[in-house]
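A quick write-up on the structure given underneath.
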Amino acid sequence: MLSKEVKAEIYGSLNEKNGVYSGYVTSQEAMGQSVYVLSRKGVGEFVYGIITAVITTTDGSEKYVVTQKFEIMYEPEIRQRLSAVKSLKIDKISCLYEKSCGAVILYKEKGADEASILLVKNQKGRFWSFPKGHVELWENEKETAVREIKEETDLDVEILDNFREISDYCPFGKIRKRVVFFLAAAKTNKVRIQESEIESYTWVKLSDAKKVCTYDNDLRVIDKAREYYEDHLRKN
Numbered sequence: 339m340l341s342k343e344v345k346a347e348i349y350g351s352l353n354e355k356n357g358v359y360s361g362y363v364t365s366q367e368a369m370g371q372s373v374y375v376l377s378r379k380g381v382g383e384f385v386y387g388i389i390t391a392v393i394t395t396t397d398g399s400e401k402y403v404v405t406q407k408f409e410i411m412y413e414p415e416i417r418q419r420l421s422a423v424k425s426l427k428i429d430k431i432s433c434l435y436e437k438s439c440g441a442v443i444l445y446k447e448k449g450a451d452e453a454s455i456l457l458v459k460n461q462k463g464r465f466w467s468f469p470k471g472h473v474e475l476w477e478n479e480k481e482t483a484v485r486e487i488k489e490e491t492d493l494d495v496e497i498l499d500n501f502r503e504i505s506d507y508c509p510f511g512k513i514r515k516r517v518v519f520f521l522a523a524a525k526t527n528k529v530r531i532q533e534s535e536i537e538s539y540t541w542v543k544l545s546d547a548k549k550v551c552t553y554d555n556d557l558r559v560i561d562k563a564r565e566y567y568e569d570h571l572r573k574n
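In the working numbering, the protein residues as written are 339 to 574.
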């Protein structure tokens, strides 16, 4: 049912401060199904929305979460809002929207003609990409990128100004993933990987990175990183 558009009638407010309402579906999709409706702006008698999350409770039952079409909510916010419903015991949650942040990490050795970038391969992954991870509640995008880089590689980095690239894609046709990449500078190339998340890593010259990466979105980000490097950093 994830991603289905529905019309839901509102029963009432479960926690108006958190924007949590109870309702039931009145459209053909999931007719009569009770749902939690989440909103940042309040609701009327009906909402026209999307099933944004499917919750599996600790007793094995499923609950649907509906948000209005113009409101994109990621898992941390959904969990935070639903925490006001004390009777709801969440075992796991599948969300329509996922957001991660990371960075293309630059390091230039003394005397080198060109900077290198760090590529990582995730556990069970087949392709090289950049360090990244999911946004947590109350974090901004840059804070997420810095934290995830530290956790996955043990590198402390400086996020460079005026570089922000977005990759949007839909694996399996439903989940709508957004990854925000920054450009970051590392003071060292000494990496210590988080083995539970990262299988391996490699430093490659920026000019050679497109020979290693595969995804079109990553190739586009590399092109943008090279353009930024040539315009702002290479002379340094």
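Virtual Cβ for every residue (Gly too), placed ideally from N, Cα, C.
This structure is a prediction, so every number in the text was calculated from the model and none was measured.
**Item:** Where residue 322 falls, given that 16 or more other Cβ within 10 Å makes a residue buried
**Value:** The question about residue 322 has no answer here: the residues shown for the chain are numbered 339 through 574.
**Where the alpha helix (DSSP H) containing residue 486 begins and where it ends** = 479-491
**Message:** Given this structure, state the Cα-to-Cα distance separating residue 314 from residue 437, to the nearest angstrom.
**Reply:** Within the shown structure, residues of the chain are numbered from 339 to 574, placing residue 314 beyond reach of any answer.
**Residue nearest to residue 564 in terms of C-alpha spacing, selected from 483, 466, 543** = 543
**Asked** Nearest to residue 400 by alpha carbon, out of 414, 532, 430?
**Response** 430
**Item:** Other residues of its chain near residue 342: CB distance less than 6 Å, five sequence neighbours each side excluded
**Value:** 367, 389
**Request:** State the CB to CB distance for the pair residue 497 and residue 547, rounded to an integer number of angstroms; the pair is presumed to be in contact (CB under 8 Å).
**Result:** That pair is no contact at about 19 Å.
**Prompt:** Is the CB-CB distance between residue 405 and residue 376 below 7 Å?
**Reply:** yes
**Asked** Between which two residues does the alpha helix (DSSP H) harbouring residue 418 extend?
**Response** 413-420
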